[in-house]
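Q:
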Amino acid sequence: MEAAMGLMRRIPPKHSEAALSALLSLLPHHSADLLSQVDQPLQVLCDVDSGKEFILCEYNRDADSYRSPWSNKYHPPLDDGLYPSQELRKLEMEANDVFTVYCDQYYEGGTSSVYIWENEDEDGSRTADGRRGYLEEGSWEAIHVIEVVPLDEATARYCLTSSVMLSLTTNDESSGAFNLSGSIRRQMNMDIPVDEGHLCNMGRMVEEMESKLRYSLDQVYFGKTKEMICTLRPPSELVQTSLPEQINK
Amino acid sequence: MSDEEETQPTDDQKIEIAKWFLLNAPAGEIQYIAKDMKAVLQDETLYTTAAAVAFPLYNKSHMICLDFPDRSGEVMVTPFSEIGENEYVDPRTAQVAVVDHVNQVCRRARPANDEELPTPYIEEYRYALDIEVTKYVSEAYPKGICSVYCVNGKDVEEPGMDFDLVVVISAARLNPQNFCNGSWRSIWNVEFKDEAQFVEVRGTLQVGAHYFEEGNVQLDAKHECKDSTMLMSPEDSAHSVTTIIRHHETEYLNSLQTSYSKLPDATFKDLRRKLPVTRTLFPWHNAAQFSLRRDIQKSLGLEKK
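Which chain is which? The protein sequence lines are A and B, in order.
Straight run, no breaks: the first sequence in my numbering ends on number 249.
Straight run, no breaks: the second sequence in my numbering ends on number 1305.
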């Protein structure tokens, strides 16, 4: 399993779907682990009842159907799919409404979906998918999984694991094909009093995490890879040239 | 996806999968992928079959550089220097290396025989270009290697016929402890057209970078360009061609840097703002009010799109 994760870390991100498929076929016994630990580009489906879009991911999947957070129905319909409890469903609906506004505020478009389920302890998950294109193609996808464990009457522990997948592609005359993509993962744990409600606490953590990730993506994506290129071939200003001919554009 | 059917892939399919993983390894990482692949496959025979096919392709595509056993020089493993199965010629030292692809080492070297090397006439051009390019590479690349091969017309003995040379430049920066690797590969096809007294130069530049601390971020960029110059004496042609190469490669690097500087402002801002329009963090406890306001705004058509 560790070897499989090692492979996923090295394969070009644009091939990650193919790589995951291949690994699933080679290691069927580890499929649950693989699916939950490997981030895949998110897809979106339209809820038949509300006409709103929702995100497809591991957390709302049962067999080959996906549960919509708007109508709580499986698409395509499933006879005995898993559903959250009444209480969790209430929280889930509220969360989806709030996160839609959040998504709007930060992404000015895009889609977000929240799924909550019970898993020994209480788990919450939210996925937000913002798609925007300024270049030929660019996309930002974020998955946050929060595990909520009540510690006592007044406090709960929140363990947040977030991954952001970013993909930027350009293809033009002067610079040729340029593709920068990949994902990073971070974790954050906090113990917070529950007086303002779980949603508030989770929301704040997600917001803080996303901002951190955005910043480090800037540093990582742009910073490190650009640094690497300049190390490979330093820009001409730094290079001592003896030939008088130089670019005169 | 459905857990009922245990469709185990066939041996052939497993080999194809292993080959695919190996071939897609970023620069300098194939041995790591090899180790992980062996663990996942759990089958020595299948892995060996896949590796035997994948490694040569990978090595040639990445133009890896191997030392001769006696340290007399280096040989580059490329499609252009391949003269036999696992045999690669190094025109500079006039030797042929026998290469073990899977272990990425040169097993033996032998002197090249006359048929494997270009004629003196061609060699003049090749040699002159080699000198110029080597000088350029040592100036422009902290750790670059290069070579010039004749890929067409190596038996041409005197003026009157066309011939082609190819310049390969490869630079790799491997820093696995810092989770960062990168590579630059350029292939320049130089066609000497005798009748038109013309030299056509076509280049393919490929740059890659991989950063994998707490994630997996990769840059994959490719660029093609072409240019031309007059056919002159070996030294003058070499000088001219190298100037062309230098010019285009520098320009490409500049345009990569421009792409990088444009991206944060353009794309990132569009994908996700640093803060909402309100310039404050999201009011989680007041979200309901926010939502109400937004609905009103929307219905009044005031929403920013």
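We put the CB at the ideal spot given by N, CA and C, even for glycine.
Quick caveat: nothing in here was measured; it's all calculated off a predicted structure.
1) Going straight from the alpha carbon of E1200 of chain B to that of F222 of chain A, what length do you get?
2) Which whole-angstrom value describes the C-beta separation of T225 of chain A and V1217 of chain B, a residue pair presumed to lie in contact below a C-beta threshold of 8 Å?
3) Output needed in chain order: residues of the stretch 224-238 of chain A with a Cβ under 9 Å from some Cβ in chain B.
4) Helix, strand or coil for A1196 of chain B? Go by DSSP, reduced to three states.
5) If I measure Cβ to Cβ from V194 of chain A and keep anything under 8 Å in the same chain, skipping five residues before and after, which residues do I get?
6) Return the Cβ separation of E58 of chain A and V44 of chain A in integer angstroms, given the expectation that the two are a contact with Cβ distance under 8 Å.
7) Could you work out which residues of chain A lie near C1180 of chain B, taking near to mean beta carbons separated by less than 7 Å?
8) Quick one: does S1259 of chain B have its CB under 8 Å from some CB of chain A?
9) Can you tell me which of B:M1232, B:R1110, B:L1117 and B:R1107 puts its alpha carbon nearest to the alpha carbon of P1159 of chain B?
10) Drop a sphere of 10 angstroms on the beta-carbon of C46 of chain A, count the other beta-carbons inside from all chains shown, and report buried for 16 or more, exposed for fewer.
11) Using a Cβ-Cβ distance under 8 Å, would A156 of chain A count as near chain B?
12) Tell me the DSSP secondary structure of P1079 of chain B in three-state form.
13) Per DSSP, V1040 of chain B forms a beta bridge with which residues?
14) Verify the CB distance criterion: does V1217 of chain B have a CB-CB separation below 8 Å to chain A?
15) Listed in chain order, which residues of the stretch 1202-1226 of chain B have Cβ atoms closer than 7 Å to some Cβ of chain A?
16) What does the Cβ neighbour count give for Q1095 of chain B, buried or exposed, with the cut at 16 atoms within 10 Å?
17) Alpha carbon to alpha carbon, what distance is there between E1085 of chain B and A1112 of chain B?
18) Under 9 Å between beta-carbons, which chain B residues line up against V194 of chain A? List them in chain order, please.
19) Would you mind telling me which residues of chain A sit closer than 8 Å to E1029 of chain B, beta carbon to beta carbon, in chain order?
20) Using only the alpha-carbon positions, how far apart do I184 of chain A and D218 of chain A sit?
21) Counting only Cβ pairs nearer than 8 Å, list the residues of chain B close to T170 of chain A.
22) Assuming L1109 of chain B and F1080 of chain B make a contact with CB atoms under 8 Å, what is their CB distance in whole Å?
23) Leaving aside the five residues before and after L1117 of chain B along the sequence, list all residues of the same chain whose C-beta is less than 8 Å from its C-beta, in chain order.
24) Look at the Cβ atom of Y158 of chain A, then the Cβ atom of N189 of chain A, and state whether they are nearer than 8 Å.
25) Checking contacts by CB at 8 Å: is R1273 of chain B closer than that to chain A?
26) Measure the C-alpha to C-alpha separation of D1100 of chain B and L180 of chain A and round it to an integer number of angstroms.
27) Under a Cβ-count criterion, where at least 16 other Cβ atoms within 10 Å of its own Cβ denotes burial, should E87 of chain A be classed as buried or exposed?
28) Given that H15 of chain A touches chain B, what residues does it touch there, using C-beta distances under 9 Å?
29) Please tell me whether L34 of chain A and L20 of chain A are closer than 8 Å, where the distance is taken between their beta carbons.
30) Over what stretch of residues does the beta strand (DSSP E) that includes Q187 of chain A continue unbroken?
31) To the nearest angstrom, report how far apart F1198 of chain B and S1240 of chain B are at their CA atoms.
32) Between the stretch 1057-1068 of chain B and the stretch 1167-1182 of chain B, can you find at least three pairs of beta-carbon atoms closer than 8 Å?
33) Short check: CB of L1205 of chain B to CB of E1251 of chain B, under 8 Å?
34) Determine the DSSP secondary structure at D33 of chain A, reduced to helix, strand or coil.
35) What is the DSSP secondary structure of P70 of chain A, reduced to helix, strand or coil?
36) Do we get a CB-CB distance below 8 Å when we pair G6 of chain A with the residues of chain B?
A: Looking at the atomic coordinates:
1) 35 Å
2) 7 Å
3) K224, T225, K226, E227, M228, I229, C230, T231, L232, R233, P234, P235 and S236
4) coil
5) P150, A154, T155, A156 and N201
6) In fact, because the Cβ distance is near 15 Å, the residues do not count as touching under 8 Å.
7) K224 and M228
8) yes
9) Checked all of B:M1232, B:R1110, B:L1117 and B:R1107; the closest Cα to P1159 of chain B is B:M1232.
10) exposed
11) no
12) coil
13) None, per the DSSP bridge assignment.
14) yes
15) Near chain A, meaning a CB-to-CB distance below 7 Å, the residues of the stretch 1202-1226 of chain B are V1207, A1209, Y1211, F1212, E1214, G1215, N1216, V1217, Q1218, L1219, D1220, A1221, K1222, H1223 and E1224.
16) Looking at its Cβ environment, which holds 16 or more other Cβ atoms inside 10 Å, Q1095 of chain B is buried.
17) 15 Å
18) In chain order: nothing, as chain B lies at least about 13 Å away.
19) R10
20) 11 Å
21) S1259
22) Note on identity: in this sequence residue 1109 of chain B is Ala, with Leu being the wrong assignment. With a Cβ gap of about 18 Å, A1109 of chain B and F1080 of chain B do not count as contacting.
23) V1089, P1091, A1094, E1123 and K1154
24) A contact, by the Cβ cut-off of 8 Å.
25) yes
26) 33 Å
27) exposed
28) W1020 and N1024
29) yes
30) Looking at the DSSP string, the run of the beta strand (DSSP E) that includes Q187 of chain A is G176 to P193.
31) 12 Å
32) yes
33) no
34) DSSP places D33 of chain A in helix when its eight states are reduced to three.
35) For clarity, residue 70 of chain A is Trp in the given sequence; the question names Pro instead. Note: W70 of chain A maps to coil in three-state DSSP.
36) Yes - at least one Cβ of chain B is within 8 Å of the one on G6 of chain A.
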